[in-house]
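Peer 1: I am attaching a structure below and will ask some questions about it afterwards.
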Amino acid sequence: MGRRRVLVTGMGFVTPHGDQADRIFERVYAGESAVGLYRSGRGAAEADVVLGKADWNPDTYVTPIQKLAMDPVAQMAYAAARHALAQAGLTGRADLLSSAGVYMGCGLGGAATYEQGYESYFTKNSRRQKPTIVPRVMPNAPAAHISMAFGIRGPSLTYSVACTSSAAALGEAYRAIRDGYLECVVAGGAEAMLAEAVVIAWESMGVIAKLHPDGPAASVRPFDAARTGFALAEGAAVLILESEERARERGAVPLGEIVGYGSSSDAHNLTQPSREGQAHAMRAALADAGVPPEAVGYINAHATATKVGDVVEVQAVKDTFGAQASRLAVSSTKSMHGHLVGAAGALELGLTLMAVARGRIPPTANLTQPDAECDLDFVPGRGREAPELEYALSNSFGFGGSNASLVVRRIVD
Amino acid sequence: MAAFPLLSNPKEVPVGSQPQIVEVLVQKYGVDAGKVSLDATLADLGLDSLSVAELVFDIEDLFGIEVKADDAEFKTLGEAIALVDRYLAAKGA
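Sequences listed follow chains B and Z, in order. Take the first sequence: its position 266, counting from 1, is numbered 306 in the numbering used here, and each next residue is one higher. Take the second sequence: its position 5, counting from 1, is numbered 15 in the numbering used here, and each next residue is one higher.
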């Protein structure tokens with residue numbers, strides 16, 4: 041069997057911009073930030089932190105009994121999957137879903153449950169703890185709940201590679217369909233780590249955005265000289281990937297196509313990014329897609345607005361795209377939805393797919409004074425019409441030096 | 011008041027764990043008060059094995075008891091309430 045085409049037929053999200061895909065894209069395209077200032081911690085450790093809280097109502101998706109065994113990370117994953125399956129026209133299609141797979145990304149698992157469990161143990165000093173802690177905490181719980189809820193009986197896999205988790209899940213799902221192992225995969229990622237001690241742990245790394253004088257919405261400033269880091273955010277993003285044969289056979293409406301995936305490791309440093317490693321992933325993705333650099337019109341950058349990371353990514357883009365780099369549109373939507381860590385790659389690939397389908401490139405918010413070392417076309421402020429846009433690339437680079445790049449194409453035939 | 015059969019007439023409610031257990035089921039577990047009856051199994055009320063384990067944990071906290079693993083073999087709500095009442099009686103004795 042040769043390479044098969046892989047189409048995206050559904051998308052579902054739970055994000056700081058809400059849980060309605062079209063509305064999320066419109067708000068991002070308009071340059072509207074959804075991060076806010078939230079009180080975090082307690083007592084002497086209480087502080088206001090710029091975070092991206094998911095804007096959704098779990099009660100419309102899960103019952104109180106379901107919640108007992110579901111950390112918010114699994115609740116969000118389930119909700120996103122439900123939206124994605126509905127858009128794909130697969131709700132209730134047990135006949136088609138029984139042979140499908142679930143490939144999810146998740147960095148930390150049930151972070152809030154972890155924290156509550158530890159707090160209970162260390163404060164009560166008792167061996168008697170809730171029996172639901174383990175199944176709520178395990179990082180594969182989001183995938184497991186999707187499998188159970190929708191009767192998906194193929195492989196249920198979880199990729200835990202920090203900020204690259206869901207890009208890896210999508211890339212591996214794409215390969216599984218492309219190479220004939222599966223016809224359909226429910227793929228994406230979920231992350232919910234705004235628990236107070238986890239937020240403090242991230243702060244201690246010096247990567248969390250400081251409050252800007254113009255307010256929380258102005259605080260995440262990728263590529264800007266005054267950038268201070270990202271807004272840690274929560275949410276889930278799930279895409280339905282199907283073989284072209286299966287999608288056409290059942291009359292599904294394709295939203296876009298995944299055409300290339302590149303994966304690499306820096307083999308360099310746990311937290312410092314590598315220009316070579318990132319370029320390796322982008323080159324591999326382009327080679328896999330079989331398209332030259334000049335075919336790509338837009339990159340949804342990983343760009344977390346850290347001092348080091350943004351510059352390294354700009355250099356890696358230049359290494360990969362050469363002279364074409366200056367003609368590319370490159371934006372960081374993290375400037376508006378924050379950094380969803382294990383769900384970031386899937387949300388950003390979803391936005392990238394919507395960008396090519398609509399011919400509308402989302403912007404980088406808050407970029408008013410670019411860093412001298414960040415000198416690409418970052419689409420500052422508001423989105424840009426690009427009706428000719430056909431191919432786009434989405435980058436995800438994680439702690440541990442794991443990189444993934446995905447290439448998507450507008451549906452043209 | 012069929013919607014809340016166990017509490018239909020407060021004067022008839024026996025002293026014991028029943029009102030509080032029913033309240034936990036309705037308030038925390040979202041069980042439909044109209045479905046609550048002593049004969050209903052916990053599965054009938056929508057609780058799977060993990061939820062039942064969590065319920066036992068909540069009940070232990072609520073009444074300050076510790077249910078032995080061998081005793082947690084109840085099927086119906088009535089059996090669960092009777093079990094808790096035995097523990098409460100033993101505790102009071």
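Just so you know, even glycine gets a beta-carbon here, dropped at the ideal spot from N, CA and C. Just so you know, these numbers come straight off a predicted model, no measurement behind them.
Look at valine 75 of chain B and proline 253 of chain B and say whether their C-beta atoms are less than 8 Å apart.
Peer 2: Going by C-beta atoms, valine 75 of chain B is not nearer than 8 Å to proline 253 of chain B.
Peer 1: When you compare the CB positions of glycine 50 of chain B and alanine 117 of chain B, do they come within less than 8 Å of one another, or not?
Peer 2: Not closer than 8 Å, so no.
Peer 1: What is the DSSP secondary structure of proline 20 of chain Z, counted as helix, strand or coil?
Peer 2: Note that proline 20 of chain Z scores a pLDDT of 46, beneath 50, so its modelled location is shaky and nothing firm can be said.
Peer 1: Please list the partners that leucine 108 of chain B has in chain Z, where partner means a Cβ-to-Cβ separation under 8 Å.
Peer 2: What leucine 108 of chain B touches in chain Z: Tyr39, Leu60, Ser61, Glu64.
Peer 1: Report buried or exposed for lysine 78 of chain Z, applying the criterion of at least 16 other Cβ atoms within 10 angstroms of its Cβ.
Peer 2: Label assigned to lysine 78 of chain Z: exposed.
Peer 1: Using DSSP bridges, identify the partner residues of arginine 400 of chain B.
Peer 2: B/Glu425.
Peer 1: Excluding the 5 residues preceding and the 5 following asparagine 443 of chain B in the sequence, name in chain order all residues of the same chain whose CB lies nearer than 6 Å to its CB.
Peer 2: Cβ neighbours of asparagine 443 of chain B beyond the five flanking positions: Ser304, Gly317, Gln318, Ala321, Phe437.
Peer 1: Examine chain Z for any beta-carbon lying closer than 8 Å to the beta-carbon of lysine 164 of chain B, and answer yes or no.
Peer 2: Not one chain Z Cβ lies under 8 Å of lysine 164 of chain B.
Peer 1: Considering only the alpha carbon of each residue, which of B/Leu272, B/Glu236, B/Arg267, B/Arg215 lies closest to glutamate 282 of chain B?
Peer 2: Comparing Cα-Cα distances from glutamate 282 of chain B to each of B/Leu272, B/Glu236, B/Arg267, B/Arg215, the minimum goes to B/Arg215.
Peer 1: Looking at C-alpha atoms only, which residue of B/Phe439, B/Ile451, B/Trp96 is the closest neighbour of aspartate 306 of chain B?
Peer 2: For the residues B/Phe439, B/Ile451, B/Trp96, the minimum Cα distance to aspartate 306 of chain B belongs to B/Phe439.
Peer 1: Looking at the secondary structure, which residues open and close the alpha helix (DSSP H) in which alanine 405 of chain B lies?
Peer 2: Where alanine 405 of chain B is concerned, there is no enclosing alpha helix (DSSP H), given that its DSSP letter is neither H nor E.
Peer 1: Which same chain residues, not among the five before or five after lysine 85 of chain Z, have their C-beta less than 6 Å away from its C-beta?
Peer 2: Around lysine 85 of chain Z: Thr51.
Peer 1: Pick out whichever of B/Glu231, B/Ala119, B/Phe65, B/Arg168 has its Cα sitting closest to the Cα of glycine 147 of chain B.
Peer 2: Residue B/Glu231 is the option with its Cα nearest to glycine 147 of chain B.
Peer 1: Check for me: the beta strand (DSSP E) holding glutamate 297 of chain B runs from which residue to which?
Peer 2: Run containing glutamate 297 of chain B: 296–305, per the beta strand (DSSP E) assignment.
Peer 1: Are any of the Cβ atoms in chain B nearer than 8 Å to that of phenylalanine 73 of chain Z?
Peer 2: Chain B, which has no Cβ nearer than 8 Å to the Cβ of phenylalanine 73 of chain Z, makes this no.
Peer 1: Does the beta carbon of isoleucine 173 of chain B sit closer than 8 Å to a beta carbon anywhere in chain Z?
Peer 2: Not one chain Z Cβ lies under 8 Å of isoleucine 173 of chain B.
Peer 1: Output yes if chain Z places a C-beta closer than 8 Å to the C-beta of lysine 170 of chain B; else output no.
Peer 2: Answer yes: the Cβ-Cβ gap between lysine 170 of chain B and chain Z drops below 8 Å somewhere.
Peer 1: Using a Cβ-Cβ distance under 8 Å, would phenylalanine 84 of chain Z count as near chain B?
Peer 2: False, the Cβ-Cβ gap to chain B never drops below 8 Å.
Peer 1: Contact defined as beta carbons within less than 8 Å: I believe valine 174 of chain B pairs with glycine 228 of chain B. What is the distance between those atoms, to the nearest angstrom?
Peer 2: That pair is no contact at about 24 Å.
Peer 1: Could you work out which residue in B/Thr163, B/Ile64, B/Val239 is closest to serine 73 of chain B when comparing CA atoms only?
Peer 2: The residue with the shortest Cα to Cα distance from serine 73 of chain B is B/Ile64.
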